[in-house]
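Below is one structure, written out as structure tokens, with a few remarks after it.
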Amino acid sequence: MSSVSVDQLSVSYNGKPAVHDLSVRVGEGSWVTLIGPNGAGKTTVLRAIAGVVEYSGRIMVGRDMVGSIRRRQLAQLVAYVPQRPVMPASATVMDYVLMGRNPYIAYFATESKEDIEVVTKVLHRLELTALARRPLGSLSGGEAQRAVLARALAQQAPVLLLDEPTSALDVGHQQQVLE
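In our numbering, the protein residues as written are 2 to 180.
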């Protein structure tokens with residue numbers, strides 16, 4: 002677990018402010034929900050913490066400043082489930098979830114036995130084992146959403162950012178994800 006500290010965060014798109022001067026601290030082990038109307042900047046805040054959008058201000062994950070560490074190191078600290086994930090239709094569920102292990106796999110190397118074990122456990126936990134060899138393009142919306150969540154969980158990052166993670170799930174799977 003890691004704390005997250007955001008100080009004077011501002012993000013603009015094409016010169017129009019999306020987030021202005023936000024400061025917040027989230028303690029280690031905490032659960033926080035951002036609520037507000039559409040377009041209020043909730044997704045932008047998550048994207049800034051994940052390091053996928055330019056921002057001004059300071060964001061710390063644990064003792065590391067988001068803007069000054071390598072992407073691989075950031076991916077070991079923060080897993081992000083976007084509202085609209087990009088999913089290669091021909092990739093299998095197993096291969097897609099294995100992508101969550103990329104921050105731990107050396108360049109030009111393949112996944113280890115430990116990586117496979119982590120992914121297998123996550124697939125089991127999210128009831129995706131039977132879908133492991135299916136292409137992503139053949140999944141229902143809820144199945145695809147669970148695959149995206151599985152990829153983030155396989156990353157084993159201490160900070161998990163979820164942008165509307167239960168939106169495509171049935172009630173039973175919504176409860177499972179929240180647990």
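Using N, Cα and C, we set each Cβ at its ideal position, and we do this for glycine too.
Please read all numbers here as calculations on a predicted model, not as lab measurements.
- In the structure shown, the three-state DSSP call for residue 86 is coil.
- As DSSP reads the structure, residue 72 sits in no beta bridge.
- Shown here for residue 112: same chain residues with a beta carbon closer than 7 Å to its own, the five before and five after excluded, namely 99, 102, 106 in chain order.
- Scanning 65, 3, 57 for the CA closest to the CA of residue 24 turns up 57.
- The distance from the Cβ of residue 133 to that of residue 95 is about 4 Å, consistent with a contact at the 8 Å cut-off.
- In the three-state reduction of the DSSP assignment, residue 164 falls in the coil class.
- When the alpha-carbon of residue 45 is set against those of 122, 117, 29, 20, the nearest one is in 20.
- The continuous stretches of beta strand (DSSP E) do not include residue 40, and DSSP gives it neither H nor E.
- In the DSSP annotation of this structure, the continuous segment of the beta strand (DSSP E) that includes residue 61 starts and ends at 57 to 62.
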